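Order-wise, the sequence lines are chains A and B.
Under the working numbering, the first residue of the first sequence is numbered 119, with each subsequent residue one higher.
Under the working numbering, the first residue of the second sequence is numbered 195, with each subsequent residue one higher.
Some notes on the structure that comes next.
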Amino acid sequence: MSFQSIWDIFINNWEVYLRGAYFALIIAVIGTIFGTLIGFFIGLMHTIPQRKKTVKTYILKVFNVLLTTYVEIFRGTPMMVQAMVVFYGLVSLDIEINRFLAACIVISLNTGAYMAEFVRGGIVSIDKGQFEAAQAIGMNHFKTMVHIVIPQVARNILPATGNQLVMNIKDSSVLSVISVVELFFTTNSIAGSTYRYFEAFFIACVLYFIMTFTVTRFLLLFEKKLDGPDSYKVELITGNKPKKEGV
Amino acid sequence: MSVVIDIKHLNKKFGDHEVLKDVNFQVNKGEVVTLIGSSGSGKSTLLRCINLLETPTAGEIIYNGENILDDKHDIEKYRTHLGMVFQQFNLFNNLNVLANCTVGQQKVLKRDKVAAEETAMKFLQLVGMAQYKNAKPRHLSGGQKQRVAIARALSMNPDVMLFDEPTSALDPEMVGEVLKVMRTLASEGNTMLIVTHEMEFAREVSDRIVFMDKGVIVEEGHPDVVLLNPQHERTKEFLKRTLK
Ligand SMILES: Nc1ncnc2c1ncn2[C@@H]1O[C@H](COP(=O)(O)OP(=O)(O)OP(=O)(O)O)[C@@H](O)[C@H]1O
Ligand SMILES: [Mg+2]
Numbered sequence: 119m120s121f122q123s124i125w126d127i128f129i130n131n132w133e134v135y136l137r138g139a140y141f142a143l144i145i146a147v148i149g150t151i152f153g154t155l156i157g158f159f160i161g162l163m164h165t166i167p168q169r170k171k172t173v174k175t176y177i178l179k180v181f182n183v184l185l186t187t188y189v190e191i192f193r194g195t196p197m198m199v200q201a202m203v204v205f206y207g208l209v210s211l212d213i214e215i216n217r218f219l220a221a222c223i224v225i226s227l228n229t230g231a232y233m234a235e236f237v238r239g240g241i242v243s244i245d246k247g248q249f250e251a252a253q254a255i256g257m258n259h260f261k262t263m264v265h266i267v268i269p270q271v272a273r274n275i276l277p278a279t280g281n282q283l284v285m286n287i288k289d290s291s292v293l294s295v296i297s298v299v300e301l302f303f304t305t306n307s308i309a310g311s312t313y314r315y316f317e318a319f320f321i322a323c324v325l326y327f328i329m330t331f332t333v334t335r336f337l338l339l340f341e342k343k344l345d346g347p348d349s350y351k352v353e354l355i356t357g358n359k360p361k362k363e364g365v
Numbered sequence: 195m196s197v198v199i200d201i202k203h204l205n206k207k208f209g210d211h212e213v214l215k216d217v218n219f220q221v222n223k224g225e226v227v228t229l230i231g232s233s234g235s236g237k238s239t240l241l242r243c244i245n246l247l248e249t250p251t252a253g254e255i256i257y258n259g260e261n262i263l264d265d266k267h268d269i270e271k272y273r274t275h276l277g278m279v280f281q282q283f284n285l286f287n288n289l290n291v292l293a294n295c296t297v298g299q300q301k302v303l304k305r306d307k308v309a310a311e312e313t314a315m316k317f318l319q320l321v322g323m324a325q326y327k328n329a330k331p332r333h334l335s336g337g338q339k340q341r342v343a344i345a346r347a348l349s350m351n352p353d354v355m356l357f358d359e360p361t362s363a364l365d366p367e368m369v370g371e372v373l374k375v376m377r378t379l380a381s382e383g384n385t386m387l388i389v390t391h392e393m394e395f396a397r398e399v400s401d402r403i404v405f406m407d408k409g410v411i412v413e414e415g416h417p418d419v420v421l422l423n424p425q426h427e428r429t430k431e432f433l434k435r436t437l438k
């Protein structure tokens, strides 16, 4: 075991490693995007006001119970087991499914279950006054959500979303149980063929860390940029006409 | 004089608690009406019932001759005719000053961007906030926020402006700038219904003052009559407490 032997293994297998890292990242990104969308969908369904007792609100209630059941199940079981159940479940039903696609579906459903709670919390934490102000200028619930609430919730849960992306990069490794060619899976085969377990996995470790570290920094920068400057420019108005922006 | 809002036998209960009891009153076009009364007397509730942020338990709200409590009435459309200014400003935190004033025009009234911005800038100039059009709410002081909130409401070109204690959440040195804007609005012939504890201001701008106590309208009339020569014992007590 030496630095040289680690380097040799990397040089001999770098294409396979990068391919594995690439797929780990892709699966994590896809899982985070679709998971966040699922989270928003559930969070929005759970916060639709149900003032009148109509058939529609009854259907909504039943639907929300189903969504809650999904959230509880996916939060309460390991993703490794979920992957096995989904993939082999589909196989036993004679449904041909690509392993990569199955991995993406499992990680998205898993992320969605976690994001749902963040989104719901984000929506209820927007002060009631902004909802009332939106109502008072004639916005309905849908418009209020689209133009006022969702943009603020998206911003407020950005740290949680970023955290989830980092978790997904790491947790994509458990999807190797359904033989998806991501970083853990490729590392395992390199280790198996070279009998150099420490070296092979040490390289994987470094690659995982580079990915999570880069993503974390990038997200922090992105958050800063979204918030804009701490101060603002006061527009000098000469005459009565408003000045064109950006001139 | 034409009646814009006519309230008939309005009643509001929160559970068993009867907050408004058979309230009857009218707001005429171009009139400035001020609601006064002690804390908990139901002033905010009345204002919030008028634009249906609270659903009245019983009674009628007639707007331009139509009862808006009818099931078939388009509540969202009705609300665009009323401009509401809240004690806590309630600006949209994700939008800058200009967008706060255009979002309703564009998304509800379906005005195009140019027209919406022109209208918004007109009212931002009126309240003295035009040069802050790119600022986010978090960059503004309370008085500035409230002036933007007033411009936002005016930008919808409402028939009636409702103010619920617009200066109560402000530091004393910022009260003046908001009252100044409201004086201008009053002098321009806007129809206004104001809840305030600023008695001097109320006397100056109001055409009529309505005194409420425990959910009922005790007396109403010209400011000089209600404030200087009240007829009812409860009004006298209230004024003695507030004007000392
Ligand atoms: N959502 C609510 N649920 C239950 N009770 C309420 C609600 N809103 C108001 N009330 C009660 O209704 C009564 C009247 O309240 P309201 O806010 O209208 O008074 P107000 O005259 O505006 O007082 P203030 O001068 O303090 O603003 C109070 O007793 C209050 O506790
Ligand atoms: Mg009040």
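No residue lacks a Cβ here, since even glycine has one placed at the ideal position from N, Cα and C.
Values in this document were obtained by computation on a predicted structure and should not be read as measured data.
Neighbour flag for residue i against chain B, beta carbons, 9 angstroms
| i | result |
| --- | --- |
| A254(A) | yes |
| P196(A) | no |
| I342(A) | The residue asked about is misnamed: residue 342(A) is Lys in this sequence, not Ile. Cβ-Cβ to chain B under 9 angstroms: no for K342(A). |
| E317(A) | no |
| P360(A) | For P360(A), the pLDDT reaches just 42, beneath the cut-off of 50, and the residue's location in the model is therefore unreliable, although a value from the coordinates is still provided. So, interface residue. |
| K261(A) | yes |
| G240(A) | no |
| A309(A) | no |
| G346(A) | yes |
C-beta atoms of residue i and residue j nearer than 9 angstroms
| i | j | result |
| --- | --- | --- |
| L227(A) | Y188(A) | yes |
| I151(A) | I321(A) | no |
| I308(A) | V134(A) | yes |
| I266(A) | F286(B) | yes |
| F219(B) | V420(B) | no |
| Y232(A) | R193(A) | yes |
| L320(B) | V354(B) | no |
| V288(B) | T313(B) | Contrary to the premise, residue 288(B) reads as Asn rather than Val in this sequence. No, they are not a contact pair. |
| L356(B) | L276(B) | yes |
| A234(A) | F280(B) | no |
| V380(A) | M197(A) | Summary: the structure shown does not reach residue 380(A), with chain A confined to residues 119 through 365, and so no result is reported for it. |
| G253(B) | I199(B) | no |
| L318(B) | G337(B) | no |
| I166(A) | L178(A) | yes |
Under 7 angstroms by beta carbon: chain A residues contacting residue i
| i | result |
| --- | --- |
| Q282(B) | G247 |
| M350(B) | I255 |
Cross-chain neighbours of residue i in chain B, by beta carbon under 9 angstroms
| i | result |
| --- | --- |
| M257(A) | E270, R273, V297, G298, K301, V302 |
| E250(A) | R242, L247, M278, F280, N284 |
Residue-level contact to chain A via CB, residue i, 9 angstroms cutoff
| i | result |
| --- | --- |
| N245(B) | yes |
| R341(B) | no |
| T385(B) | no |
| R346(B) | yes |
| K307(B) | no |
| G209(B) | no |
| G277(B) | yes |
| L285(B) | yes |
| K237(B) | no |
| K206(B) | no |
| N330(B) | As written in the sequence, residue 330(B) is Lys, which differs from the Asn given in the question. Yes, K330(B) lies at the interface with chain A (some Cβ there is under 9 angstroms from its Cβ). |
Contact set between residue i and chain A, taken where Cβ atoms lie within less than 8 angstroms
| i | result |
| --- | --- |
| N136(B) | Because chain B is modelled from 195 through 438, residue 136(B) falls outside the range shown and cannot be assessed. |
Cα-Cα separation between residue i and residue j, rounded to whole angstroms
| i | j | result |
| --- | --- | --- |
| F205(A) | C222(A) | 11 angstroms |
| I241(A) | K434(B) | 45 angstroms |
| A347(B) | N328(B) | 18 angstroms |
| N245(B) | S238(B) | 11 angstroms |
| M163(A) | V237(A) | 11 angstroms |
| E414(B) | R402(B) | 7 angstroms |
| I269(B) | I287(A) | 48 angstroms |
| V412(B) | T429(B) | 7 angstroms |
| E317(A) | I127(A) | 7 angstroms |
| S233(B) | F432(B) | 11 angstroms |
| M278(B) | I144(A) | 48 angstroms |
| T196(B) | I256(B) | Checking the sequence shown, residue 196(B) turns out to be Ser, not Thr. Between S196(B) and I256(B), the C-alpha separation is close to 12 angstroms. |
| F158(A) | I215(A) | 27 angstroms |
| T390(B) | Y272(B) | 24 angstroms |
| V395(B) | L373(B) | A quick correction: the sequence has Phe, not Val, at residue 395(B). F395(B) and L373(B): Cα-Cα distance of roughly 8 angstroms. |
For residue j and residue i, believed in contact at Cβ under 8 angstroms, the rounded distance
| i | j | result |
| --- | --- | --- |
| V295(A) | M202(A) | 6 angstroms |
| G224(B) | G383(B) | 5 angstroms |
| N294(B) | E250(A) | That belief does not hold up - the Cβ atoms of N294(B) and E250(A) are roughly 14 angstroms apart, past 8 angstroms. |
- Check your reading: residues with Cβ closer than 5 angstroms to ligand 3 heavy atoms: Looking at this structure, you won't find ligand 3 anywhere; what it does contain is ligand 1 and ligand 2.
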